[in-house]
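J.:
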Amino acid sequence: VTRSYNFSSGPAVLPGPVLRKAQEAIWDFEGTGIGILEHSHRGAAFTEVIARTEERARRVGAIPDDHAVLFLQGGATAQFFMVPQNLLGNGTATADYCNTGTWSKKAIADAERYGTVHVACSSEADGFTYVPEAPSWSASPTYVHFTSNETIHGTQWRREPEPPPGVPLVCDASSDIFSRPIDLAKYGLVYAGAQKNLGPSGVTLVIIRKDLAERGPEDLPAVLQYRTYVAEKSLYNTPPTFGIYIVGEVLAWIEAEGGLAAIAERNAVKAKLIYDFLDDSRVFRGVARPGSRSTMNVTFRTTDPALDRAFVAEATRRGLDGLAGHRSVGGMRASIYNAFPVEGVRALVDLMKEFELGRITG
Ligand SMILES: Cc1ncc(COP(=O)(O)O)c(C=O)c1O
């Protein structure tokens, strides 16, 4: 079977060796005679899996000891309310949000249910094509929230915003988690749905400073309080066991590939191949502004939606799958997460060249 180049924005391409190993583990997990899908979350085998997954996450991400590593459910979307529910709490506080796209807007809409939201910066008037430089914070925000990579619009913060002193920084890193090294000591809380850079859908990684996990109102249902998961090491109830196993294997793969510095270098090379082509192209153009371009989701288009559709159809026919832009914005989007191979990027650039030549001469 020939596998396609999968440009999907998530669930997305996973490392080949991880998938092969998982095939085996589904039948017989590491010689236990029981498949990984069938092991009890309280048994010795899974206890070892979740412990080593956390250890690897700590090593790969250089996660400080005062941060807890949690494996939750509900996707990043559940964090849109869980963050304000736990950190804003009593309904009178203000949180500052950076509005850089569709996902930021959803996070803002849910935060507004729990307190006041001050939008500290926004690129909405310009179609979310860039990351605003200098947020203007409110007088005393409870926390500051930003989306490090906007999956739909294809923009990415070069570095994190600087919150006012002592104010926790909260980040939705769903589409660029572990794509480059970041200094987690600067962050109060980072969350990410796993289905782009970490594993399958169904597990959400939360990295939270332990003191923040204790701030939530204690009258919330137990599964909605971060402190529950810290105290029970993500085993308060049945966690997404298979997803956690795969995340552990993806993290082992990242380590074998040389860690986040090496991964970041490779991601930069892949993204540059496409952006360099787009900058010179007479038919295609990049959507995001140069200083804000994402290394994970490259958004581009022609001047004609019909031509965009023709390109996507031709790409699909050639085994380059998932290049249609998000349904809300159209155009094209190449999602090139950690596990996406450079050969696939070259295949895309070659196809764009061919398509362009056909348009110019044809
Ligand atoms: C940046 C970002 N935040 C949040 C989400 C929502 O994640 P989930 O579907 O896991 O709830 C996505 C999904 O693509 C995303 O890209």
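Position in the sequence shown (from 1) plus 10 gives the number in this note's numbering. Glycine residues also receive a C-beta, built at the ideal position from the N, C-alpha and C atoms.
Using DSSP with H/G/I as helix, E/B as strand and the rest coil, what is Asn96?
T.: Locating residue 96 in the sequence shown gives position 86, counting from the first residue. If DSSP states are grouped into helix, strand and coil, Asn96 belongs with the helices.
J.: Report yes if the CB atom of Ser148 is closer than 9 Å to the CB atom of Asp106, and no otherwise.
T.: Working through the sequence shown from its first residue, we reach residue 148 at position 138. Working through the sequence shown from its first residue, we reach residue 106 at position 96. For the pair Ser148 and Asp106, the CB atoms are nearer than the 9 Å cut-off.
J.: When DSSP labels each residue in this structure, what does Gly20 get in the three-state scheme?
T.: Counted from its first residue, the sequence shown places residue 20 at position 10. It is coil, neither helix nor strand.
J.: What is the residue span of the beta strand (DSSP E) that Thr126 lies within?
T.: Taking the first residue of the sequence shown as 1, we reach residue 126 at position 116. Note, Thr126: beta strand (DSSP E), 126-132.
J.: Between which two residues does the alpha helix (DSSP H) containing Val200 stretch?
T.: In the sequence shown, counting from the first residue as 1, residue 200 sits at position 190. Counting along the chain, Val200 falls outside any alpha helix (DSSP H), though it belongs to the beta strand (DSSP E) covering 199-203.
J.: Inspect the CB distances between the stretch 39-53 and the stretch 192-212 and report whether three or more fall short of 8 Å.
T.: no
J.: Under 9 Å, do Phe81 and Thr165 count as touching if we go by C-beta distance?
T.: Taking the first residue of the sequence shown as 1, we reach residue 81 at position 71. Taking the first residue of the sequence shown as 1, we reach residue 165 at position 155. Going by C-beta atoms, Phe81 is not nearer than 9 Å to Thr165.
J.: Who are the Cβ neighbours of Ala233 in its own chain at under 8 Å, not counting the five residues just before and after it?
T.: Stepping through the sequence shown from its first residue, residue 233 is reached at position 223. Note that residue 233 is Val in the sequence shown, not Ala. So the qualifying residues of the chain are Tyr246, Asn247.
J.: Pick out every residue whose C-beta is nearer than 6 Å to a heavy atom of ligand 1: which are they, in chain order?
T.: Taking each Cβ in turn, the ones that pass are Gly20, Gly85, Ala86, Thr87, Trp113, Thr157, Thr161, Asp182, Ser184, Ser185, Gly203.
J.: Is Met342 helix, strand or coil by DSSP?
T.: Reading the sequence shown from its first residue, position 332 is the one you call residue 342. Under the three-state reduction of DSSP output, Met342 falls in the strand class.
J.: Among the candidates Pro94, Ala22, Asp289, whose CA atom is the shortest distance from the CA of Tyr236?
T.: Indexing the sequence shown from 1 puts residue 236 at position 226. Of the candidates Pro94, Ala22, Asp289, the one whose C-alpha sits nearest the C-alpha of Tyr236 is Pro94.
J.: Just tell me which of Phe17, Ala298, Leu24, Ala78 has its CA closest to the CA of Leu261.
T.: Counted from its first residue, the sequence shown places residue 261 at position 251. Nearest of Phe17, Ala298, Leu24, Ala78 to Leu261, Cα basis: Leu24.
J.: Output needed for Ile73: all residues of its chain with C-beta closer than 8 Å, excluding positions within five of it in sequence on either side, in chain order.
T.: In the sequence shown, residue 73 corresponds to position 63, counting from 1. Here the set comprises Ala67, Val79, Leu194, Ile217.
J.: By the three-class DSSP mapping on this structure, what secondary structure does Tyr347 have?
T.: Here residue 347 is taken as the residue at index 337 of the sequence shown, counted from 1. In the structure shown, Tyr347 sits in coil (DSSP, three-state: anything other than H, G, I, E or B).
J.: Where DSSP assigns a beta bridge to Thr10, which residues make up the other side?
T.: Nothing about residue 10 can be reported from this structure: the residues present for the chain run from 11 to 372 only.
J.: Report yes if the C-beta distance between Glu366 and Arg276 is below 9 Å; otherwise report no.
T.: Here residue 366 corresponds to residue number 356 of the sequence shown, with the count starting at 1. Here residue 276 corresponds to residue number 266 of the sequence shown, with the count starting at 1. No, the pair does not count as a contact, with Cβ atoms beyond the cut-off.
J.: Tell me, please, whether the stretch 257-272 touches the stretch 138-148 by the rule of three or more beta-carbon pairs shorter than 8 Å.
T.: No, they do not touch.
J.: Is the beta carbon of Gly258 closer than 9 Å to that of Ala204?
T.: Locating residue 204 in the sequence shown gives position 194, counting from the first residue. Locating residue 258 in the sequence shown gives position 248, counting from the first residue. No, these two residues do not count as a Cβ contact at 9 Å.
J.: Among the residues of its own chain, which have a CB less than 6 Å from the CB of Phe17, if the five just before and after it don't count?
T.: Here residue 17 refers to the residue found at position 7 of the sequence shown. So the qualifying residues of the chain are Gly332, Leu333, Ala344, Ser345.
J.: One question on the structure: do Arg219 and His77 come within less than 9 Å of each other, judged by their Cβ atoms?
T.: Working through the sequence shown from its first residue, we reach residue 219 at position 209. Working through the sequence shown from its first residue, we reach residue 77 at position 67. Going by C-beta atoms, Arg219 is nearer than 9 Å to His77.
J.: By a C-beta neighbour count over all protein chains shown, 10 Å radius and 16 as the cutoff for buried, is Val352 buried or exposed?
T.: Position 342 of the sequence shown, counted from the first residue, corresponds to residue 352. Exposed.
J.: Can you give the Cα-Cα distance for Arg123 and Asn348, rounded to whole angstroms?
T.: For the purposes of this step, residue 123 is identified with residue 113 of the sequence shown, where counting begins at 1. For the purposes of this step, residue 348 is identified with residue 338 of the sequence shown, where counting begins at 1. About 35 Å.
J.: For Thr126 and Ser132, what's the separation of their Cα atoms in angstroms?
T.: In the sequence shown, counting from the first residue as 1, residue 126 sits at position 116. In the sequence shown, counting from the first residue as 1, residue 132 sits at position 122. If I take the Cα positions, the gap works out to 17 Å.
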